[in-house]
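K.L.:
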Amino acid sequence: MSSGRDGKATPTDRLARIATILCIAQICLFTGCESRNNEPNADFGEWLGESVNAENYAQVDGSYKLTFPRDHRPHNEFLTEWWYVTCTLATDEGRRFGVQFTLFRRSLAASIEEPNSWRSGQIYMAHVALSDVKNKKHFDFERYSREHAELAGVESEPFRAFLENWSLESTTSKFFPLTLRIKTDAFEVDLQMTQTKPIVLQGDEGYSKKSPNHASYYYSIPRMASTGKLAVGSHTFDVSGTSWMDREWSSGLLGRQYEGWYWFAISFSDGRDLVVFSLRDRNTGFDDDRVALWIQTDGSTTPIRKDSWAMEPLRKWKQWPVEWKLSIEQERFLVSALFDNQEMNTSIPYWEGMVDVLERNTPVGSGYMELTGYSPRN
Amino acid sequence: MAIQLDNVGKRFTDGNSDRWVLENLSFSIAEAESVAVIGPSGCGKTTLLNLLSGQLAIDAGTVQVCFPGKAAFRLNEVNAKDLLHYRRSDIGFVYQFFNLIPTLTLKENVLLPVELTKRKHLREQALSRIATLGLNDRIDAFPEELSGGEQQRAAIARALAHEPHIIFADEPTGNLDADNSKIVADLLWQEVTKSNATLVVATHSDAILRRANRVIDL
Amino acid sequence: MRDLRRHWLVTLCVVASLALAAMGITVVHIASVETVRNLESTGIRTSYQYVVPIATNEEKHYFELRRDWRSGALPTIEAMVPILEGTTEAEGRLVQVLGIDVLADTSGSFDDSLSSQDTGFLTQNTLIAIGSDWTVGDVVNGSTVIASTPSRYNLFIADLPTAQGLLGRPGQIDAVWMRRKEAEKFSFVERIWPGLLTGLGYRAPPLEVEGYQIQSMSSWNPLHSFSGSIAFNLSLLGALAILVSGFIAYEACSNNVRRRRLEMDRLGALGVDQWQLRGTFLIEALLIGAIGSLLGIGIAIAFLQLLQLVDVSDSFNVVLIASFKSVAVSIGTLLFAIHLATSKSNNRIRKSIYGLLVAICLGLLLWGAFPVSGLLGAFVVMVGMCILQVLIVVPAFVGLVSRIGLAVSLTRLTWLMVLRQAIKQFRSFRVPVSAFSIAIATAIGISLMVTSFRTNFEDMLDVRLRPGLHIESASEFDTSVASEWEAVENLRSYYRTVGRLAKGPVNLTATNLDAWETSRYGYDSAIERGTMINRQLAMQHNLKIGDALNIELPHNRQLTVTVVHVFNSYGSNEGRAIVDVGAIDTAGWTRDRVTINPIAGREAELQQRIASTSSNAIVSDNSERRTAALRVFDQTFVLTNAIALVAVIIAVVGLLSAALAMYGAQKQEFKLLRTVGIGDRTLVVSTLLQSGLFGFLACVIALPLGISIAWVLCEMVNPRAFQWTIDLHLDPWVVLRPTLLAFGAAVAACLIPFLLQRKHP
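Chains as they are written, first to last, in the numbering used here: chain A, 7 to 384; chain B, 4 to 221; chain C, 1167 to 1927.
1) With a 10 Å radius around its C-beta and 16 neighbouring C-beta atoms as the bar for buried, classify C/L1332 as buried or exposed.
2) Could you check whether the segment 1605-1623 of chain C touches the segment 1416-1436 of chain C, counting it as contact only if at least three pairs of C-beta atoms, one from each stretch, sit closer than 8 Å?
3) Leaving out five residues before and five after B/G57 in sequence, what residues of the same chain have Cβ atoms less than 7 Å from its Cβ?
4) According to DSSP, simplified to helix, strand and coil, what is C/R1586?
5) Checking contacts by CB at 9 Å: is C/G1337 closer than that to chain A?
6) For A/S137, return the contacting residues in chain C, with the cut-off set at a CB-CB distance below 9 Å.
7) At which residues does the beta strand (DSSP E) containing C/A1157 begin and terminate?
8) Under 8 Å, CB to CB, which of the residues in the segment 107-122 of chain B have a partner in chain C?
9) Here's the rule I'm using: 16 or more other beta-carbon atoms within 10 Å means buried, otherwise exposed. How should C/F1536 be labelled?
10) Is any heavy atom in the ligand ATP found nearer than 8 Å to the beta carbon of A/M251?
11) I want to know whether the segment 273-289 of chain A touches the segment 366-376 of chain A - three or more CB-CB distances under 8 Å.
12) Just checking: is the beta-carbon of B/S198 within a distance shorter than 9 Å of some beta-carbon in chain C?
13) Nearest chain C C-beta to B/Q58 closer than 9 Å, yes or no?
14) Restricting to Cα atoms, I'd like to know which of B/L52, B/P105, B/L51, B/I94 is closest to C/Q1832.
15) Quick one: list the residues of chain A neighbouring C/S1237, beta-carbon separation under 8 Å, in chain order.
16) Compute the distance between the beta-carbons of C/G1634 and C/D1787, then report whether it is under 9 Å.
17) Short of 7 Å in beta carbon distance, which residues of its chain neighbour A/Q201, apart from the five on each side in sequence? Order them along the chain.
18) Flag this pair as yes or no: are the beta carbons of C/R1768 and C/E1642 separated by less than 9 Å?
19) Tell me the rounded alpha-carbon separation between A/R42 and A/R262.
20) Ordered along the chain, which non-local residues of its own chain (more than five positions away) have a Cβ less than 7 Å from that of A/G212?
21) Below 9 Å between beta carbons: does that hold for A/S214 and A/V297?
22) Return the chain-ordered list of same chain residues with a C-beta closer than 7 Å to the C-beta of C/V1747, the five sequence neighbours on each side being excluded.
23) Going by DSSP in three states, B/L125 sits in which element: helix, strand or coil?
24) Label C/R1211 either buried or exposed according to how many other C-beta atoms from any shown protein chain fall within 10 Å of its C-beta, with 16 as the threshold for buried.
25) Could you name the residues of the same chain whose beta carbon sits closer than 7 Å to that of C/G1861, not counting the 5 residues immediately before and after it, in chain order?
26) Applying a beta-carbon distance threshold of less than 9 Å, which residues of chain A neighbour C/F1920?
27) Kindly say whether C/L1838, judged by its beta-carbon, lies nearer than 9 Å to any beta-carbon of chain B.
28) Any C-beta of chain A within less than 8 Å: which residues of the segment 1289-1316 of chain C qualify?
29) Are there three or more Cβ pairs, one per stretch, closer than 8 Å when the segment 1382-1400 of chain C is compared with the segment 1225-1234 of chain C?
30) From the beta carbon of C/L1473, is the nearest beta carbon of chain A less than 9 Å away?
31) Hey, does C/P1927 have any beta-carbon neighbour from chain A nearer than 9 Å?
32) Could you check how far apart the C-beta atoms of A/F345 and A/L364 are, in whole angstroms? I think they sit under 8 Å.
33) Considering only C-alpha positions, which residue in the set B/A33, B/L55, B/A162 is nearest to B/G12?
34) So, does the CB of A/Y150 fall closer than 9 Å to a CB anywhere in chain C?
35) CB A/Q198 to CB A/S232, shorter than 9 Å?
36) So, with DSSP's three-state summary, where would you put A/L299?
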């Protein structure tokens, strides 16, 4: 929405700001954003602060037992939540693409006056992105909406997470197979995903501690076999590959001392999957509660001791470390972005893109990397 | 005696300093005398004529003027009204660059002094002088339509129209070619002699120098 | 530079005229922006270019449209929002309500003033209040005000579900508003020249999609075109001041070049090339232009700040754009003038250009005469007339005066000389005379238009505001009790609401349309089934007497009435219709206005009684309202009159500049005349006569143009801009006042060089 002719704030501006700030809070995902740093490249820790009204919401204390398909649904009693899918795809000829779909939910208030179809108290924000590796092009889009049956939301029977014509939904009464459909001005996606490994409950049976006082309920569905069609510009491609889903919800996730995190989800060619993430303390740059987890071929999980793995950034593009050395016990891997510019130019920028993993110069896996909170001064 | 100068001086202020163009000038000019004033460029010939015609104020000395039948007076002592009368009625001026009034025709230029002095009886004489000076067929032309020689002849006619006592001429042939210079010089002397006026002329022209009664070298 | 210093007075005059022009541009720009901001109740509508009315009010049509848009059916559309509009009654008065799904279009930016209260907009029944009477925390019909903005309008903006509840219309919407991609491009144009798009009659290109009726927002947002028209008109007048300044600049440059022609020729003979020589003038032009414009900008900002019309820190961007425009126009004008003055083009080319210019002007005049050319056409007519004044009228008049003057025969040579000198000066001052005549004509034209308008306005007020009391916010005022009071001779109630026609809103009033009431609008008999509409509504919807109006009322009601009369109304360009109260069901209307005719001598008693009966009611005497209305009218035109005055001052400064430029030649001439024996008194009288003749002739030339400008303003500009008609009244005193002022100033300007050369013989 444009401002008045003179640039001075008008009611239109105020309304736009209300909506945008609330939706930007979705990127934070975590606690209520009472403290605000409104630099476009503000780190997430500065955004996240501790919510003053989180006590009105359900708390993540580890007492809740995750069950499925129940917990694919939204948990409106918690403050924030997301449904996150990344896909590493290729054509038969070997042309590679990456797709990201994230739907964020945020509760505006614990109690709503006169709830109705337009006013449920929940708002949604969605990010979609495509990485075209051959042309080194990255397309990203962002949308917002209030929760409404015709506009945005998550339904559980059958499952459907959508914001207008971006959706992740079950095609039958069962959760799987899932269909991901995205239509933008730059690209279209129509992908079917089937489960090949069991759901992984992160942390302690889904109770994922992020710091002494902060946690979330968190599960992943790795290595979903994916096939479908992808259109970029006027070209359509038949693609196949694997997808990864992350689901997380909380009412308070990050302490103020953290500025962001790095996160990797990698599928190795030997059938193993790996998830690695760490918050970043704004003073020390790392966190003691970092996590690395092997997901074995049979779906069982093997946590990796903190002192036996390390991520070391090797090269930066702008402020983003796009090349890393990953050491896990005796193994040494080079994790490298397929191309540098996979930055999400959204309300708060972050980096989300395809990576390849090499061991002694041999490709051994691929996946997605997510970097948040790296400000230009870093 | 028509004009008497005693220790006349004139200074001009040049920035912060004064420059005396004329200093301790003393001489006299008799009635009906024709005097040529000569000197190098910048010596003050034009300044002297302007002083004597009452256009510039005298800074030192006195200039006394005396006409027949009138009391003598000093130019630096008369009031503005009398000075105006002096300029209007007692003198005529011929300039190097003619200086006819551009918005009046030749005839009107010549008759202007007659009107200003209210000497209507001189009108016919003035008109006949136009004919004598060979300008009859140009009387309705404006100055911009006249040649240099024609303009200067008209200027002479104007200067004499009201029968002044003194004619001042500042380089009257300075802006004319040789032929016109001779014609103008001849006509000037002819008319001045006829009207019995005193003539003071600043000049470089030999033709004029030869005719002058006296030469004053500044 | 040395030459500029030597002729410092002339330089000063050029700087002054440029400063005045720059001041005019700055003031006009800032005033235009402030006018638009104050007049428009909200900037929301201006963000959208299309309206899709939802006749059935069903939400599903919005979702269908949105789905079609997302699937690619509307590729030129960037955003769309669902809208619900209506009116509610609050504190005794009618207030408009606008409901919008703010989350449907979120292309805003960060704001660090956000507080946790703002989430209440989407989760609670809250409102943003536009209007002077609301403060944060007020509760209006169950909804809480969370933000308020002062405005002359009353409007509540609410989240869509809040508005649906407030208006009692759950699950309904009225329209979908849509924004074009690249709309920002045009808002940029508006920032540079407020009102230009309105003046150009720009509308977003028509959009057709099967199954939907898509209309332009222009017809739904009359306030936008109203404010845009005001801004455009102000800039039009400012442009005339710039035109005058341009002539002055050209004249000064020409004199400058002429004066230094010999010097330039000698330098050329020595081998200095033309561009280097021109470069000297260009650098001087840049310097003078920069100094003049910065001076003008500074004065303008100080002036506006002093009058508290603008806060520089608050409106920094606006001031910056205004300053940039001023500098660009001032320097551009001067550079163009230099170019013209230093160009050597032969006579044939000059004649060709002259002929072409005349032909273009005549063509533009013809085009502008047609109403379809809009406000821009009217503007073009005014500028065209001024240019023809310069190209044809002034030269012809000067030629005529010269011929007459030269043919005059006077016995007194002194007077003959004076007359001819005056004519010669008049001829050589052709450009300043042209500028001067345009300036006086502008002043005359504006004065005539404003006076005519005021006369029309007063006439309208006399008929509309008859003696009596007027009560606003009167919905709680019990008229049945009041009509029994002894002091009341007559009492009338007015019901109001906002309805919708096929192509835009209409403000509706219902009252007892007896002959007394209808005569207020110039109709002489009672109306039962018809309606009186204002000229604005008639022009916006192409209506005439006899046409049927099908009006959608709130709560799904319909009203069909026939137009029986069209009346004038001023002050805004919103469409109005008045119907008889017997023809409507008043449920859903707000009766917030009442007029009372008191028995003579009991006005004060009645006012007290009304105030004690209803705390919200605002009582005023119609005579006070009349005075207040006229005061507002006069204040409205202060800036317009100031612009006209600035144009005259520029022209006088230009005259002075030209006169000073002649100072050197005049000095020599006067010396010669003194030598010939012409006394000081004659010279003074001569100069006075010359100046007087010059001033008189210049004013005479200006008169026809001035009256023409007044005619264009009344017959073309106002109807096309505001749908108002103004009857032109030719008041001789109104014509004489600026003329005499200009005449005196012209005489003074021409005298100054004479007085100077007397001091320095």
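All C-beta atoms in this analysis are idealised placements derived from N, C-alpha and C, irrespective of residue type, glycine included.
P.N.:
Checking against the coordinates, here is how it stands:
1) Locating residue 1332 of chain C in the third sequence gives position 166, where the first residue counts as 1. Buried is the call here.
2) Counting C-beta pairs closer than 8 Å gives fewer than three between the segment 1605-1623 of chain C and the segment 1416-1436 of chain C, which falls short of the contact rule.
3) Position 54 of the second sequence, counting from 1, holds the residue named residue 57 of chain B. Excluding residues within five positions, the ones whose Cβ falls inside 7 Å are L78, L86, Y89, R90.
4) Looking up residue 1586 of chain C in the third sequence gives position 420. DSSP, reduced to helix, strand and coil, places C/R1586 within a helical segment of the structure shown.
5) Taking the third sequence and counting its residues from 1, one reaches residue 1337 of chain C at position 171. So yes, C/G1337 belongs to the interface.
6) If you number the first sequence from 1, residue 137 of chain A lands on position 131. Those within 9 Å of A/S137 in chain C number zero; the least Cβ separation is about 23 Å.
7) Residue 1157 of chain C cannot be examined here, being either before or after the span of chain C that is shown, 1167 to 1927.
8) Residues of the segment 107-122 of chain B whose Cβ lies closer than 8 Å to any Cβ of chain C, in chain order: L107, E111, L114, L115, P116, E118, L119, T120.
9) Looking up residue 1536 of chain C in the third sequence gives position 370. Exposed.
10) No copy of the ligand ATP appears in this structure; indeed no ligand is present at all.
11) Yes, the segment 273-289 of chain A touches the segment 366-376 of chain A.
12) Taking the second sequence and counting its residues from 1, the one referred to as residue 198 of chain B is at position 195. It does not; no Cβ of chain C falls within 9 Å.
13) The residue you call residue 58 of chain B lines up with position 55 of the second sequence. For B/Q58, the answer is yes, since a Cβ of chain C falls inside 9 Å of its Cβ.
14) Against the third sequence, residue 1832 of chain C aligns to sequence position 666. Nearest in C-alpha terms to C/Q1832, of all of B/L52, B/P105, B/L51, B/I94, is B/P105.
15) One-based indexing of the third sequence puts residue 1237 of chain C at position 71. Annotation: Cβ neighbours of C/S1237 in chain A (cutoff 8 Å, chain order): N171, K189.
16) Position 468 of the third sequence, counting from 1, holds the residue named residue 1634 of chain C. Position 621 of the third sequence, counting from 1, holds the residue named residue 1787 of chain C. A Cβ-Cβ contact shorter than 9 Å links C/G1634 with C/D1787.
17) To locate residue 201 of chain A, count along the first sequence from 1; it is residue 195. Short of 7 Å from the beta carbon of A/Q201, and not among the five residues preceding or following it, lie these beta carbons of its own chain, in chain order: F182, I227, M230.
18) Counting from 1 along the third sequence, the entry for residue 1768 of chain C is found at position 602. Counting from 1 along the third sequence, the entry for residue 1642 of chain C is found at position 476. Remark: C-beta atoms of C/R1768 and C/E1642 do not approach each other more closely than 9 Å.
19) Working through the first sequence from its first residue, we reach residue 42 of chain A at position 36. Working through the first sequence from its first residue, we reach residue 262 of chain A at position 256. Interpretation of A/R42 is limited by its pLDDT of 30, a score under 50 that renders its predicted location unreliable; the figure taken from the coordinates is listed afterwards. Distance between the alpha carbons of A/R42 and A/R262: 11 Å.
20) For the purposes of this step, residue 212 of chain A is taken as residue 206 along the first sequence, with counting starting at 1. The residues are L72, Y223, Y224, Y225.
21) Here residue 214 of chain A refers to the residue found at position 208 of the first sequence. Here residue 297 of chain A refers to the residue found at position 291 of the first sequence. In terms of Cβ geometry, A/S214 and A/V297 form a close pair [threshold 9 Å].
22) Numbered from 1 along the third sequence, position 581 holds the residue referred to as residue 1747 of chain C. Cβ within range, chain order: Y1661, A1676, T1677, N1678.
23) Within the second sequence, numbered from 1, the residue matching residue 125 of chain B stands at position 122. B/L125 carries a helical assignment under DSSP once its states are collapsed to helix, strand and coil.
24) Counting from one through the third sequence, the residue named residue 1211 of chain C turns up at place 45. Counting every other CB atom within 10 Å of its CB across the protein chains shown gives C/R1211 a total of 16 or more, marking it as buried.
25) Here residue 1861 of chain C refers to the residue found at position 695 of the third sequence. Counting only Cβ-Cβ distances below 7 Å, and skipping sequence neighbours, we find F1909, A1912, V1913.
26) As a first step, residue 1920 of chain C must be located in the third sequence, where it is residue number 754. Within chain A, no residue comes near C/F1920; the closest Cβ sits about 49 Å away, beyond 9 Å.
27) One-based indexing of the third sequence puts residue 1838 of chain C at position 672. Yes, C/L1838 lies at the interface with chain B (some Cβ there is under 9 Å from its Cβ).
28) In summary, the residues of the segment 1289-1316 of chain C whose CB is separated from some CB of chain A by less than 8 Å are T1289, Q1290, N1291, I1294, I1296, A1313, T1315, in the order they occur in the chain.
29) Verdict: no, contact absent.
30) Numbered from 1 along the third sequence, position 307 holds the residue referred to as residue 1473 of chain C. No, C/L1473 lies away from the interface with chain A (no Cβ there is under 9 Å from its Cβ).
31) Start at 1 with the first residue of the third sequence, and residue 1927 of chain C comes out as number 761. At C/P1927, the pLDDT of 45 sits below 50, so the modelled position is not reliable and the matter cannot be decided from this model.
32) If you number the first sequence from 1, residue 345 of chain A lands on position 339. If you number the first sequence from 1, residue 364 of chain A lands on position 358. Distance from A/F345 to A/L364 at the Cβ level is roughly 15 Å; contact not present, criterion being Cβ atoms closer than 8 Å.
33) Within the second sequence, numbered from 1, the residue matching residue 12 of chain B stands at position 9. The shortest C-alpha separation from B/G12 is found at B/L55.
34) As a working note, residue 150 of chain A is residue 144 in the first sequence. So yes, A/Y150 belongs to the interface.
35) As a first step, residue 198 of chain A is located in the first sequence; it is residue number 192 there, counting from the start. As a first step, residue 232 of chain A is located in the first sequence; it is residue number 226 there, counting from the start. The Cβ atoms of A/Q198 and A/S232 lie closer than 9 Å to each other.
36) Mapped onto the first sequence, residue 299 of chain A falls at position 293. Strand at A/L299.
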